[in-house]
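S.K.: Residue numbers (the numbering used here), protein chains in the order written: chain L, 1 to 641; chain C, 1 to 214.
Using N, Cα and C, we set each Cβ at its ideal position, and we do this for glycine too.
Note that the coordinates shown come from a computational prediction; the quantities given were computed from them, not determined experimentally.
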Ligand SMILES: Cc1cc2nc3c(=O)[nH]c(=O)nc-3n(C[C@H](O)[C@H](O)[C@H](O)COP(=O)(O)O)c2cc1C
Ligand code: SF4
Ligand code: SF4
Ligand code: SF4
Ligand code: SF4
Ligand code: FES
Ligand code: FES
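1. Under 7 Å Cβ to Cβ from residue 627 of chain L, same chain only, skipping five residues before and after it: list those, please.
2. If you measure from the beta carbon of residue 642 of chain L to each beta carbon in chain C, is any gap under 7 Å?
3. Do residue 140 of chain C and residue 189 of chain C have their C-beta atoms within less than 7 Å of each other?
4. Could you tell me whether any non-hydrogen atom of ligand 3 is closer than 6 Å to the CB of residue 607 of chain L?
5. Roughly how many whole angstroms lie between the Cα atoms of residue 40 of chain C and residue 32 of chain C?
6. Quick check on the burial criterion: 16 or more other C-beta atoms within 10 angstroms. Buried or exposed for residue 142 of chain C?
7. My understanding is that residue 48 of chain L touches residue 154 of chain L, with C-beta atoms under 8 Å, so please give their C-beta distance in whole angstroms.
8. For ligand 3, I want to know if residue 110 of chain C counts as a neighbour, meaning its beta carbon is within less than 6 Å of at least one of the ligand's heavy atoms.
9. May I ask you to list the residues that DSSP assigns as paired with residue 440 of chain L?
10. Can you grab the Cα-Cα spacing for the pair residue 19 of chain C / residue 373 of chain L, in whole Å?
11. Output the distance between the C-alpha atoms of residue 643 of chain L and residue 218 of chain L, rounded to the nearest integer angstrom.
12. Can you tell me which of the three DSSP states residue 4 of chain L falls into?
13. Does the beta carbon of residue 22 of chain C come closer than 7 Å to any beta carbon on chain L?
14. Measure from the C-beta of residue 213 of chain C to each C-beta in chain L and report whether the shortest distance is under 7 Å.
15. In the DSSP assignment, what are the bridge partners of residue 299 of chain L?
16. So does residue 156 of chain C have its beta carbon nearer than 6 Å to some heavy atom of ligand 5?
17. Give a single yes or no on whether residue 209 of chain C has its beta carbon closer than 6 Å to a heavy atom of ligand 1.
18. The segment 46 to 67 of chain C: which residues have C-beta closer than 7 Å to a C-beta of chain L, in chain order?
19. Give a yes or no on whether the minimum CB-CB distance between residue 32 of chain C and chain L is below 7 Å.
20. Just checking residue 203 of chain C against ligand 4 - is the residue's beta carbon closer than 6 Å to any of the ligand's heavy atoms?
21. Of all the options L:33, L:506, L:264, which has the alpha carbon lying nearest to the alpha carbon of residue 65 of chain L?
22. From the beta carbon of residue 112 of chain C, is the nearest beta carbon of chain L less than 7 Å away?
23. Looking at the secondary structure, which residues open and close the beta strand (DSSP E) in which residue 5 of chain C lies?
24. Using the beta carbon as the reference atom, which residues fall closer than 6 Å to any heavy atom of ligand 2, ordered along the chain?
25. Sort L:335, L:328, L:340 by Cα distance to residue 319 of chain L and report the nearest one.
26. Just tell me which of L:263, L:299, L:266, L:215 has its CA closest to the CA of residue 280 of chain L.
27. Rounded to whole angstroms, what is the Cα-Cα separation between residue 171 of chain C and residue 171 of chain L?
28. Could you tell me if residue 330 of chain L is buried or exposed, where buried requires 16 or more neighbouring beta carbons within 10 angstroms of its beta carbon?
29. Pull up the distance between the alpha-carbon of residue 624 of chain L and that of residue 559 of chain L, whole angstroms please.
30. Under 6 Å from any heavy atom of ligand 5, does the C-beta of residue 99 of chain C make it?
31. State the start and end residues of the unbroken alpha helix (DSSP H) segment that holds residue 480 of chain L.
32. If you drop the 5 nearest sequence neighbours on each side, which residues of the same chain put their C-beta closer than 8 Å to that of residue 484 of chain L?
33. Tell me, please, which residues DSSP counts as bridged to residue 385 of chain L.
34. Take the Cβ of residue 57 of chain C as the centre, count every other Cβ of all protein chains shown within 10 Å, and call the residue buried at 16 or more, exposed below.
35. So, is the C-beta of residue 522 of chain L closer than 7 Å to a C-beta in chain C?
36. Please state the DSSP three-state secondary structure of residue 218 of chain L.
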């Protein structure tokens, strides 16, 4: 672009920024209360906390601002609230249950008592209270794309502008597309949608493809069950990805962009739509952005939900009004994509790094992570880990650090068994793989994958055969059915796994599974099929003995597979008169024997687990045994006594 | 388009640049198993996964229907890996196929029988159990029979029905449930089908067949 209008662009931008900063300072001139109200916060009661705080302020006639913000990632501690109070440290509170919010606000704002007992951490260093950085989690955490999440109002573009937003777009307008591409290539940014393809190379391919009409698409389909990183960014800082998408468009030579969001994310849809609209109003999108010669517009497209629609060629088909079914690649979308035009498709997270890379430079980005996987990784920690929620850590952090330091280890004092990484087509890695550094290549080598960042921690009570069955059940149901290997191969694999978990496995099943898995991986058309066998292959690699126990002994070592266990009440432990189990049983399977010791009628028992939960912890008389016939042995044994 | 030379199984074959490898091979008498490829379609469906070949310079077998030939290309239609992959794909297809050659309209001209013969594969799966789907035969049209239990989802009938100007057939459902059917799953006889026979002419197996008018 002609350098002659860089002056126009920066003047226009400075004006926007100055107004925003003024508003921002005003906001901080009196107490400010932030309530994390992304979907995760709302599920934990953030909206009623918001009401409670507002009512309290009104009651006390206090002049303070309350804002609904996004999610900081501490989902385990929701609802979360942050209070800025001039002259005091800014504090983040967690587990703010009913009544607590009002109390903190009252004590802090009227008496200067910050209510330390409810605080998670302070936001900035101070003399009284530790910050997040002082906890093990803080040592590893290094927020880039999540830096602002939970600290700015996602519905107010001025918050984004005041904290440095859109300055990268201005920079991009002042340089050439080629230079943007060079910077992104030099940064080594790899796509966070799963495959880890170099983002700069993708943009360059699109730029160099013939044709005037080009498109950029932000893939916000996020179909992995349990994953919500993209949703959090969309809900907490939508302008970040809009800015990233605009820079991508400028680099690739597109004037039209789309955000493909799944319709199951109504709050995200609402916030992104509002963000696009306000960006247009400010002249940051639309014709002649900030007075430059760059035109760029964004439209939202709501995807209807099938998991495979997140695959880029299926996504394009669905945008073209056809069934969301993958096509053979090549041609890759960067050469022939939407309506046959060159199209860049990038994940939400990939695009969210871009403004930071443009502002801070490729070298800075490379100072995080590894040579081949620079930057950070964002995981949705779930399963049997203490601190569930989102964590952004540098690539090269080990799985052990992520689970035991950032996640604070295994919940309920249980033992770690495995971690399932990479979404439904990821792999399960055991204890001995815990020192694997998190990066694209190491995870793949270990038999898992980065995927989109789902991470489910499994403990000693999780059966690995059942886990493999569970994930394969998902991918099998989500297969589009187009190609032979995925449609029929995953079906046969699932049938075998179901058989094994029901105790009807055959010795040859393991070989058959291996054979099918390797063929589905080699033969499938798209990456859904190519990766679907991962959970099976990785559990066979690391936990083969569990498969063998099921098949050869009818035993589920983790006591999880219903058909392979029975409930049994230990006579020596039963307190006799408490009767808690008897009342809990939905099918009246528990009766008193002559000594009033409870006994389970195995014929009647439906294995619902109620009695085990009901039996008071001081007795722990109900146990699970596997294989089920052991119960008869134990009863006989007892009869002899 | 320029004349080029490629090598398939050590044989020199001349073709035109940009031709699809599968057709170049077949037109020169080199057989490669295939069900879903269609000469008139610009973009390959690449869904049956039976036309795998080895290509020099490519680490994994590639479906021949997706390759545009270029000068000097070196291809082999057989290798241990290709044979294993094709055998596995074929066995998967046959595990989901209502096998009844004796009473089948396609007997003798069936592409599945051809593949089995060329590659010395069994029609009846050896290792895999049959997946039964219990799909009823549609005999509602005057001159056409449709047995979805024999369908291998190649898509030829859909294209043929569309080219005939009727466009009654299409794919619906996902995953294992994917099926060729009419709009709203109406029986053929109520869907506007006039038994033109285009589908039966296109079907490489015995799923669509013509029958004598009653
Ligand atoms: C079955 C399947 C589902 C996918 N779902 C998503 C998704 O939800 N979001 C996403 O960004 N990428 C998804 N992908 C990856 C996309 O195809 C594509 O590689 C990605 O959007 C490219 O963006 P990136 O280069 O920024 O990673 C999926 C891939 C497959 C095979
Ligand atoms: S691998 Fe599965 S999802 Fe992908 S095209 Fe084949 S059937 Fe469809
Ligand atoms: S597991 Fe459920 S059904 Fe069985 S005895 Fe206990 S409470 Fe009753
Ligand atoms: S379609 Fe072919 S393989 Fe199937 S029953 Fe008919 S003749 Fe036999
Ligand atoms: S009915 Fe025949 S032509 Fe149509 S998809 Fe099935 S096998 Fe192919
Ligand atoms: S008292 Fe016997 S199980 Fe609870
Ligand atoms: S003919 Fe090539 S995949 Fe079907």
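M.R.: The answer reads as follows:
1. 553, 554, 555, 564
2. Lying before the first or after the last residue shown, residue 642 of chain L is absent from chain L, which here runs from 1 to 641.
3. yes
4. yes
5. 18 Å
6. exposed
7. Going by Cβ atoms, the distance from residue 48 of chain L to residue 154 of chain L rounds to 20 Å, so no, they are not a contact pair.
8. no
9. Looking at the DSSP assignment, residue 440 of chain L forms no beta bridge with any residue, so it has no partner.
10. 39 Å
11. Nothing can be reported for residue 643 of chain L, as the shown portion of chain L is limited to 1 through 641.
12. Annotation note: pLDDT 48 at residue 4 of chain L (below 50); position unreliable, no value reported.
13. no
14. Confidence is the limiting factor: at residue 213 of chain C the pLDDT is only 48, short of 50, which leaves the residue's position unreliable, though a coordinate-based value still follows. Chain L contact via Cβ: absent.
15. L:258
16. yes
17. no
18. 46, 47, 48, 49, 60, 66
19. no
20. no
21. L:33
22. no
23. 3 to 8
24. L:308, L:326, L:479, L:480, L:481, L:482, L:483, L:486, L:487, L:524, L:525, L:526, L:528, L:529
25. L:340
26. L:299
27. 49 Å
28. exposed
29. 7 Å
30. no
31. Looking at the DSSP string, residue 480 of chain L is not in any alpha helix (DSSP H), and its letter there is neither H nor E.
32. 523
33. L:410
34. exposed
35. yes
36. strand
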